[in-house]
Amino acid sequence: MTPMAQPQGVGTDAPPAGTSAWMRLARTMGRRSDPAIVGTLIALVFAAPIIALLVLAFTGDADYLEHIAATRLAGFATSSAGLAILSGGLAALVGTGGAWLVTQYEFAGRSILSWLLLLPLAVPGYVAAYSWYDLTAPGGHFYTGPDGPVPTISGLWGASAIFGLTLYPYVYLLARNAFEAHGRASWDMARCLGAGPLAALRRVALPLVWPAVAAGSALVAMEALADYGVTDFLGVGTLTVGIVRAWSSFGDPQAAAQLAVMLLFATLLALGIERMARGRRQFAENPGSRRAHARTPINGWRALVAQTACLMPLTLGLIIPAGNLALMAIETQPARPVMPALQGTLFLALASAGLALLIGTVSAYALRAGPRFGRMAVRLLQAGYAVPGAVAAIAILALLVLVQDALGTFGGSSAPLITGGSILALLFAYQSRFAAVAILPCENALLKIRRELDEAARMLGSSPAGVMRRVHLPLAARGLATAALLVGVEVMKELPATMILRPFDLETLAVTAHNYASDERLAQAALPALVLLTICIPATAMLNLLRVR
Amino acid sequence: MADRQLQAGQATCVPSGKGFAERLSATPWLRRAVLSFGLVLAACSPAEQDPSDGTLTIYTSRHYDSDYALYEAFEQATGATVEVVEADGDLLIERVKADATSNPPDVIVTVDVGRLWHADQEGLFQPTDSALLVERLPASLRHPEGHWFGLTQRARVMVYAEDRVDAAELDDYANLADQAFEGHICARSSGSIYNISLLASLIAHWGEERASTWASGVASNLARPPQGGDTDQIRAVAAGECDVALVNHYYFARLLREEPAAVEGLAIAFPSAGAGTHMNTSGAGVGANARNPDLARQFIEFALSDEGQRLFPELTNEFPAVASVTYDNAALASFPDFIRDPLPAEQIGANQELAQRLFDRAGWP
């Protein structure tokens, strides 16, 4: 371990230069090139916007907070909690259920369904919300009147359904890998010892995949909490809606930052509870269990039930909303060409995926072997996922202006390097926002590698870098590629930070679609949204190639 | 927009190679991305941009066909190149502040009159002296020192079901709070800037107490929790979920033109009591650090010319700021004459925060 004795608190990281912990860290760096230390440093850099957010929050007055506490805060908090629980719960149910069916049973269409079940992740939440609302609201094809059998997709339940149905693949992906990695040995053993299928599921299979399910559901809940587009459109008053209002109606970025910090702490608390629930259990995999295991063949009505269960989320999350858009796009003459937006989207996604790979890997090292300070920095970076995109972008803008001013002072040049309008600013924003998505799979991949392997390699004379290159990377490659793909898809769908920070002539499909939709021209938004889906789907499908054998 | 040339001074930073250079010159954002990386790695500084290269930088919250047509017409008329940054509402103001030195806008365009006022409070505009603009616009549609000029107007109106509501019941915004309408009103959430500006204007006319009572009254008359956009409120009236929707006039005009079947049996009411119908102004001003203030002034004058003004009603169904302009739009022509509330921008802008507070207290979600 490093000689860092005093882990620093979150609030005291802001003035880094000159503090003794940093000096010691720098000295340590000089002696060792442990990837964990590099990871700590990178995590700190990308956590900087969150630190800027904290500074912003604590420099404002409490005027808005007092007003909102007296009027709507309780409602905001209840809606947020409800949305997180319902979205996360629905995603856990659908994702785990789907993963269970396709890994444990053999039925007609199983392998293709196992592949298709991931695809709803390609649908941005706001696209699904617009499309479903269009179908079920007055004037829509599925509208059956205010008391009809088909409810209008709106409010808390509607928004939860949208998040659950478009984000459950996070849970599905992780749960499927976990079910496959642990094989059926434990399950068969439990059944042999007399446990019924339900008891075996509850007492053996579910505890084994619990970390995966919890991590996936946490991602879903965090994304739902930070969302503005879906919740505002469907009329759910969450904390994020309050945050955006603090800023847009009250012109008070500090008040927005204060509410955002509350949301951040709530998220950290939830993540902490999840970690504590996981406890000290280490889920290193059993090397012998990776053999291809036999799935129980089912047919007849059982197979039909399994097929229907797998088709449901696919139909509701992808086929219906995308089909509705496709019909609209066919009937509508496009107002502007989509090619420039397509190029911009692809460029941003590729660049971000590459960066995420780097950051995810080194951060995972910081978690695995780093100093406590490093682990805290990474957790802070992960919490960035729960900061609403608009607020994150403002924090980043504030931070970049500071950096630019500092560069201008020291370098004597006022080169417009990093303030708004530069691709670098946008890429930086994506990383600090989506690091959580990159770190989780990387962390899971590295956690599965037994520490004995490290020790063996070190004893055989390998350097830490050598261990990383020759032992860890080959073993963790799939997890790392998953991280890159997930971030790529997230970046393609991302809206607020892109709108705020993008260079003037860089168009993206998400921004184009949003502009039309916010102008209430859904038919014009349909084409860019469909193109976005068309490139997100193969990227999402590639996740399937990365499953364990 | 139009092609842009790769500037000689900047090209020295990037690796050479024919295909690569061609790609760079065709894709400016990619060029800057490479340049930025190059700058960081090689620490070479970029050439200063030529301030008078005939490029007009516009930061706008508008992303409508009328505006794209306007840029194109302006480029053709003057030979200038228009570069556009689009961002919604307050994001635009933050972005302008952040880019003040690196990419200062020549023209800033907002869609809400309160935001025009806020942007002005932040010092984002510079005064523009134009006898032409003063002559074209009434005093209520421009800043007294020429910080900004109105381009278009949007009326906050009521759309109602003719068979269920009598037009005479809707000649005043106050009517929406009448007990008779309990469970019959559809409106967007109180976060909608158009609802906020309407209440801000009512605060100016009625005082805080009456405006607050009104907001509570309307909130308890809502037929369903606010959801969707203005068009969705109109469709809800058509479907019978409510009888009256509080919306901007151009959504109704658009449906009239593009989807007349969807608004059959519906009519539009422009309140006439008191100061008349609340109008929200979308406007433009010359940026405080503009590189090309003259070109910026020319652009605003072009937008307020007969040729520029008619694009707004014809392509976006907004009312032109210049009252004398003639245009071709059957939906707008079918609307009755109405009284436009000439309330000055600062009254609306300064009351917006209070309006949001009143909405929060009233329990209007």
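Those protein sequence lines, which keep their order, are chains A and B.
Under our numbering, read the first sequence as residues 738 to 1286, first letter to last.
Under our numbering, read the second sequence as residues 215 to 579, first letter to last.
Idealized CB from N, CA, C, for every residue including glycine.
In this structure Leu270 of chain B is in contact with Leu509 of chain B, their Cβ atoms being roughly 5 angstroms apart against a cut-off of 8 angstroms. For Thr445 of chain B, the enclosing alpha helix (DSSP H) begins and ends at 444-453. With a beta-carbon spacing of about 15 angstroms, Gly360 of chain B and Ala535 of chain B fall beyond the 8 angstroms limit used to define contacts. By the 16-neighbour rule on beta-carbons within 10 angstroms, Gly892 of chain A is buried.
Look at Arg505 of chain B: its C-beta is not under 9 angstroms from any C-beta on chain A. Take Ala1046 of chain A, set aside five residues on each side of it, and the residues of its chain with a beta-carbon closer than 8 angstroms to its own are Gly834, Gly835, Leu838, in chain order. Chain-ordered listing is empty here: chain B has no CB closer than 8 angstroms to the CB of Pro1058 of chain A, the nearest sitting near 16 angstroms. DSSP places Leu518 of chain B in the coil class of the three-state scheme, outside both helix and strand. Using beta-carbon distances, Glu300 of chain B counts as an interface residue toward chain A, with a partner under 9 angstroms. As the crow flies, the alpha-carbon of Val1128 of chain A is around 33 angstroms from that of Ala450 of chain B.
The contact set of Arg1170 of chain A on chain B, defined by CB atoms closer than 8 angstroms, is empty, because the minimum CB distance reaches about 16 angstroms. B:Thr292 is the residue among B:Tyr541, B:Arg471, B:Thr292 whose C-alpha sits nearest the C-alpha of Phe513 of chain B. For a cut-off of 8 angstroms, the C-beta gap from Val323 of chain B to Ala498 of chain B is around 4 angstroms, short enough to register as a contact. At a cut-off of 9 angstroms, the C-beta of Met1229 of chain A has no neighbouring C-beta in chain B. Bounds of the alpha helix (DSSP H) holding Glu1227 of chain A are 1210-1230. Secondary structure in the stretch 304-386 of chain B: the alpha helix (DSSP H) runs of 4 residues or longer, each lying completely within the stretch, are 327-335, 345-350 in chain order. A Cβ of chain B is located within less than 9 angstroms of the beta carbon of Leu1137 of chain A. Within chain B, the residues whose beta carbon sits less than 7 angstroms from that of Trp984 of chain A are Asp304, listed in sequence order. When the Cα atoms are used, Leu546 of chain B and Arg276 of chain B turn out to be separated by approximately 20 angstroms.
For His332 of chain B, the chain A residues whose Cβ falls inside 8 angstroms of its Cβ are Gly988, in order along the chain. Contact residues of the stretch 372-405 of chain B toward chain A are Ser403, Gly405 (C-beta to C-beta distance below 8 angstroms). Residues are counted here when their Cβ sits less than 7 angstroms from a Cβ of chain A; for the stretch 430-451 of chain B these are Pro439, Pro440, Gln441, Gly442, Gly443, Asp444, Thr445, Asp446, Arg449, Ala450, given in chain order. Sorting A:Val860, A:Gly1097, A:Leu1134 by C-alpha distance to the C-alpha of Arg1239 of chain A places A:Leu1134 at the top. Linking Val957 of chain A to Pro906 of chain A through their CA atoms gives a straight-line distance of about 9 angstroms.
By the Cβ criterion, the stretch 992-1007 of chain A is in contact with the stretch 966-984 of chain A, since at least three pairs of Cβ atoms, one from each stretch, lie closer than 8 angstroms. Counting only residues of its own chain and dropping the five nearest sequence neighbours on each side, Ala1043 of chain A has a CB closer than 7 angstroms to the CB of Leu838, Tyr842, Phe844, Ile1035. The alpha carbon of Glu472 of chain B has as its nearest neighbour, out of A:Ala1266, A:Cys1273, A:Glu1257, the alpha carbon of A:Glu1257.
For Thr269 of chain B, the beta-bridge partners assigned by DSSP are B:Thr295.
Around the beta carbon of His878 of chain A, fewer than 16 other beta carbons sit within 10 angstroms, so the residue counts as exposed. Contact fails between the stretch 847-860 of chain A and the stretch 869-887 of chain A, because fewer than three Cβ pairs, one in each stretch, are under 8 angstroms apart. In the DSSP annotation of this structure, the continuous segment of the alpha helix (DSSP H) that includes Val831 of chain A starts and ends at 810-841.
Contact residues of the stretch 956-975 of chain A toward chain B are Asp969, Phe970, Leu971, Gly972, Gly974 (C-beta to C-beta distance below 8 angstroms). Chain-order list of chain A residues neighbouring Ala425 of chain B: empty, with the shortest C-beta distance near 15 angstroms, by a criterion of under 9 angstroms.
Residue range 458-462 is occupied by the beta strand (DSSP E) that includes Val458 of chain B. Listed in chain order, the positions of the stretch 878-891 of chain A with a beta carbon within less than 9 angstroms of a beta carbon of chain B are Tyr880, Gly882, Pro883, Thr889, Ser891. In terms of Cβ geometry, Leu1223 of chain A and Pro1178 of chain A form a close pair [threshold 9 angstroms].
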